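Enquirer: What follows is a structure written as structure tokens; I'll ask about it next.
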Amino acid sequence: MSPSMLLAATADGAFAGDLAAAGVDRIVAYHSSVYRQRGLPSVAGLLPWASANEQTLGALPSVVAAAGSVPVVATVCANDGLLPADDMLDRIIALGAVGVLNAPTVGLFTGPVRAVLEESGLGLRTEIDLLAAARARGLEAWAYVFDPASAVAAHEVGATGLVLHLGITGHPGDPSRTAADVVAGVLAAVPSTGVLLHGGNLRGPDDLVDLLTALPGAERARITGFFGASAFESRPPGVDVGTVLTAWRTALDPDDSAEHPPTRTPPPVRPAPDQETR
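This is the structure:
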């Protein structure tokens, strides 16, 4: 089995350099990292304080410059009416990004707000269309998914990887369902692919171990990685990022961590649609 992948968010060139040196597989230039690096909560990235796309564009040059050979993915707000997705894709390509992640995402909204977004044509379909457009340009498309329906939609347009968003880190979603139930539902909907995990109660490696332990063996084997934002950015004082990444890798691949050090070649990702044999 291929070793699992670690993706990590930042909007800071210096931290991007640390992540690259520690052997992360992808660095995500993430708009809400602008807030986290100022001590603000992740939820600030959902508030109208600034243009999420402009924040990503502002972070990309320093992140790409510091990342070296590590591929950089950019967050893109798919429903931005002032900076349309096609224009945003042109700009991130010019700045050196190799892929996109659909963030901020309407998937974090529920109830009447989500209903109005969907009815207004600003809903999840815009994010699926973004992923499809990115793949058509040969970019990687990392897809935040939340449930079976969003996972199937992202997979059908050729998403490079599915990142199951379990809720803002430290604030899991629907209390009536366990994270293991959510994971099982998504895996059942896309039986031919693996899934990376993100957010929810996964604040540290031990939390990930607990979740993986709660999954049956066949489902556990289909967890192909972890994407950390505040989970990495909010590490304890004095703990270097290399130590943090090693702990997460060990949680994902307890039997393989010694064989696959952080500097290994990243496992393969799904090819662009024009490269696939269908």
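For the sequence shown, the positions run 11 to 288 when this note's numbering is used. Each residue gets a CB set at the ideal place from its N, CA and C atoms; glycine is no exception. Note that the structure is predicted; figures quoted are calculated from it, not measured.
Among G171, A69 and D96, which residue has its Cα nearest to the Cα of D139?
Expert: For the purposes of this step, residue 139 is taken as the residue at position 129 of the sequence shown. Nearest C-alpha to D139: D96.
Enquirer: So, using beta-carbon positions, are G109 and W59 closer together than 9 Å?
Expert: The residue labelled residue 109 in the question sits at position 99 within the sequence shown. The residue labelled residue 59 in the question sits at position 49 within the sequence shown. Their beta carbons are not under 9 Å apart, which means G109 does not touch W59 by this criterion.
Enquirer: On the DSSP bridge list, what partners appear for I37?
Expert: One-based indexing of the sequence shown puts residue 37 at position 27. Answer is A18 and V82, bridged to I37.
Enquirer: For A75, I'd like the list of residues in its chain whose CB is within less than 7 Å of its CB, leaving aside the five on either flank, ordered along the chain.
Expert: The count along the sequence shown starts at 1 and reaches residue 75 at position 65. Closer than 7 Å at Cβ, skipping near neighbours: G23.
Enquirer: Quick check on the DSSP output: what are the complete alpha helix (DSSP H) runs of length 4 or more inside the stretch 184-266, in order along the chain?
Expert: Listed in chain order, the complete alpha helix (DSSP H) runs (minimum 4 residues) inside the stretch 184-266 are 189-199, 215-224, 227-230, 240-243 and 251-262.
Enquirer: Going by other Cβ atoms of all chains shown within 10 Å of its Cβ, with 16 needed for buried, is P215 buried or exposed?
Expert: Taking the first residue of the sequence shown as position 1, residue 215 is located at position 205. Label assigned to P215: buried.
Enquirer: Using only the alpha-carbon positions, how far apart do L99 and A107 sit?
Expert: Looking up residue 99 in the sequence shown gives position 89. Looking up residue 107 in the sequence shown gives position 97. Rounded to whole angstroms, L99 to A107 spans 9 Å at the Cα level.
Enquirer: Can you give the Cα-Cα distance for S130 and A257, rounded to whole angstroms?
Expert: As a position in the sequence shown, residue 130 is number 120, starting the count at 1. As a position in the sequence shown, residue 257 is number 247, starting the count at 1. Going from the Cα of S130 to the Cα of A257 covers about 43 Å.
Enquirer: Decide if R48 is buried, meaning its Cβ has at least 16 other Cβ atoms within 10 Å, or exposed.
Expert: Locating residue 48 in the sequence shown gives position 38, counting from the first residue. Burial call: exposed.
Enquirer: May I ask which residues mark the beginning and end of the beta strand (DSSP E) holding N112?
Expert: The count along the sequence shown starts at 1 and reaches residue 112 at position 102. Note, N112: beta strand (DSSP E), G109 to N112.
Enquirer: What does DSSP give as the partner residues of L174 in its beta bridges?
Expert: Here the question's residue 174 lines up with position 164 in the sequence shown. DSSP, once it has assigned bridges, lists V155 and L207 as partnering L174.
Enquirer: Taking the alpha helix (DSSP H) that T136 belongs to, which residues open and close that run?
Expert: Your numbering for residue 136 matches position 126 in the sequence shown. It spans L134 to A146 - the alpha helix (DSSP H) in which T136 sits, taken as one unbroken run.
Enquirer: Since E150 sits in a beta bridge, which residues does DSSP pair it with?
Expert: For this step, residue 150 is matched to residue 140 along the sequence shown. E150 is bridged to G109.
Enquirer: Using the Cβ count rule (16 or more neighbours within 10 Å means buried), how would you classify E243?
Expert: Taking the first residue of the sequence shown as 1, we reach residue 243 at position 233. That one is buried.
Enquirer: Roughly how many angstroms separate the alpha carbons of L225 and A62, rounded to a whole number?
Expert: Counting from 1 along the sequence shown, the entry for residue 225 is found at position 215. Counting from 1 along the sequence shown, the entry for residue 62 is found at position 52. Taking the straight line joining both Cα atoms gives about 35 Å.
Enquirer: Do G27 and A77 have their C-beta atoms within less than 9 Å of each other?
Expert: For the purposes of this step, residue 27 is taken as residue 17 along the sequence shown, with counting starting at 1. For the purposes of this step, residue 77 is taken as residue 67 along the sequence shown, with counting starting at 1. Yes; because the gap between Cβ atoms is below 9 Å, this pair is in contact.
Enquirer: Considering V74, what are the terminal residues of the alpha helix (DSSP H) in which it resides?
Expert: For the purposes of this step, residue 74 is identified with residue 64 of the sequence shown, where counting begins at 1. Here the alpha helix (DSSP H) through V74 covers A62 to A77.
Enquirer: Using the Cα positions of R288 and G168, report the straight-line distance between them to the nearest angstrom.
Expert: Numbered from its first residue, the sequence shown carries residue 288 at position 278. Numbered from its first residue, the sequence shown carries residue 168 at position 158. Residue confidence for R288 is low, a pLDDT of 34 falling below 50, so the modelled location carries little weight and cannot support an answer.
Enquirer: Look at the alpha carbon of P246 and the alpha carbon of Y45, and state the distance between them as a whole number of angstroms.
Expert: On the sequence shown, residue 246 is found 236 positions in, with the first residue counted as 1. On the sequence shown, residue 45 is found 35 positions in, with the first residue counted as 1. Each residue's Cα considered, the two are about 18 Å apart.
Enquirer: Who are the near neighbours of V162 in its chain, counting only those whose CB is closer than 7 Å to its CB and skipping five residues on each side?
Expert: To locate residue 162, count along the sequence shown from 1; it is residue 152. Cβ within range, chain order: A199 and V200.
Enquirer: What first and last residue would you give for the alpha helix (DSSP H) that runs through D97?
Expert: Residue 97 sits at position 87 when you count from the first residue of the sequence shown. Counting along the chain, the alpha helix (DSSP H) containing D97 begins and ends at A95 to A104.
Enquirer: Report buried or exposed for L57, applying the criterion of at least 16 other Cβ atoms within 10 angstroms of its Cβ.
Expert: Indexing the sequence shown from 1 puts residue 57 at position 47. Its Cβ having fewer than 16 others within 10 Å, L57 is exposed.
Enquirer: A19 to A69, Cα distance in whole Å?
Expert: On the sequence shown, position 9 is the one that residue 19 refers to. On the sequence shown, position 59 is the one that residue 69 refers to. One C-alpha to the other measures close to 11 Å.
Enquirer: Alpha carbon to alpha carbon, what distance is there between R135 and A125?
Expert: The residue you call residue 125 lines up with position 115 of the sequence shown. The residue you call residue 135 lines up with position 125 of the sequence shown. Cα-Cα distance, rounded: 13 Å.
Enquirer: With 16 as the cutoff for other CB atoms within 10 Å, does T273 come out buried or exposed?
Expert: For the purposes of this step, residue 273 is identified with residue 263 of the sequence shown, where counting begins at 1. The predicted position of T273 is uncertain, since its pLDDT is 39 and thus under 50; no value can be drawn from it.
Enquirer: Taking the beta carbon of S202 as the centre, do at least 16 other beta carbons fall within 10 Å, making it buried, or is it exposed?
Expert: Counted from its first residue, the sequence shown places residue 202 at position 192. S202 should be labelled exposed.
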